[in-house]
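Those sequence lines, one after another, are chains A and B.
Going by my numbering, the first sequence opens with residue 19, and the numbers climb by one from there.
Going by my numbering, the second sequence opens with residue 3, and the numbers climb by one from there.
For glycine and all other residues, C-beta sits at the position ideal for the given N, C-alpha and C.
All of these numbers come straight from a predicted model, not from anything done at the bench.
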Amino acid sequence: DAGVTQSPTHLIKTRGQQVTLRCSPKSGHDTVSWYQQALGQGPQFIFQYYEEEERQRGNFPDRFSGHQFPNYSSELNVNALLLGDSALYLCASSSRRRLMAPDTQYFGPGTRLTVL
Amino acid sequence: GQQVMQIPQYQHVQEGEDFTTYCNSSTTLSNIQWYKQRPGGHPVFLIQLVKSGEVKKQKRLTFQFGEAKKNSSLHITATQTTDVGTYFCAGWSGAGSYQLTFGKGTKLSVIP
């Protein structure tokens, strides 16, 4: 049973460029959440996707956008990259039943993004 | 918005000593989760606490959820080198929110 997978593992971009990160959830999971983890910090919630829609967004600008596909995989897009966007981007999948407490989140290995 | 604070930020212990990290939320939580992140790794789920005053144990790890559901702690008895990593708490505020708010974590170093 494959866990959460993310690609690419590492990425180097320059300011102003755009980037797309990909995530495949754990088998049987239908909900994908994206987090940004700066060095020495805890993961910060970017947004969550369920049934191909963004269900909730954290405190991130519109430069951060996402998508979920019918097979539950997801993409995170960041436009107009800033130096401060350098971080580890984590994808977490879960099986979320409506109006109930969040199930265990299974994190992927992350994508390390460096913006020069 | 909801804030989750953890102390201490760093803890260095001699192998065999105990370790405790504390988590405090600015708002009442519906539940709290704990994760461990090894150096260079990703967060791995440890446990979820839901009930007021709940205490759960996993071998040498003891997790507590405060009576007011605004604080939590993780205690490790007789630390081992395999306990090295950063421990995060993450709180969920309840119905209507799908967001887990993480603390900044406590980085544990164990001196053999």
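In the structure shown, L101 (chain A) falls within a helical segment according to DSSP collapsed to helix, strand and coil. Assignment of T83 (chain B) by DSSP, reduced to helix, strand and coil, places it in the helix class.
Taking a beta-carbon distance threshold of 9 Å, S45 (chain A) does not count as an interface residue toward chain B. The beta carbon of H77 (chain B) does not come within 9 Å of any beta carbon belonging to chain A, so the residue lies off that interface. Using a CB distance cut-off of 9 Å, A92 (chain B) counts as an interface residue toward chain A. The Cβ neighbour count for A20 (chain A), taken over all protein chains shown within 10 Å, is under 16; the residue is labelled exposed. At a beta-carbon threshold of 9 Å, none of the residues of chain A lie near L63 (chain B); the nearest stands roughly 16 Å away. DSSP, reduced to helix, strand and coil, places L29 (chain A) within a strand of the structure shown. Judged by DSSP in its simplified three-state form, N89 (chain A) adopts coil rather than helix or strand.
Less than 9 Å separates the beta-carbon of Q59 (chain A) from that of G107 (chain B).
For E71 (chain A), the enclosing beta strand (DSSP E) stretches over residues 71 to 75.
The beta carbon of S104 (chain A) sits closer than 7 Å to the beta carbons of L131, T132, V133 from its chain, once the five residues preceding and following it are set aside; these are given in chain order. Contact between L108 (chain A) and H44 (chain B) holds, since their C-beta atoms are separated by about 6 Å, short of 8 Å. Remark: fewer than three beta-carbon pairs, one from each stretch, lie closer than 8 Å, so the stretch 73 to 84 of chain B and the stretch 39 to 55 of chain A are not flagged as touching. Here S27 (chain B) is buried, its C-beta having at least 16 other C-beta atoms within 10 Å. Around G55 (chain B), the same chain offers E69 as residues with beta carbons nearer than 6 Å, after the five sequence neighbours per side are excluded. Residue B:G96 holds the alpha-carbon nearest to the alpha-carbon of T30 (chain B) among B:R62, B:G96, B:G105.
Put simply, the backbone Cα of Q8 (chain B) is about 12 Å away from that of W36 (chain B).
As far as DSSP is concerned, V22 (chain A) takes part in no beta bridge.
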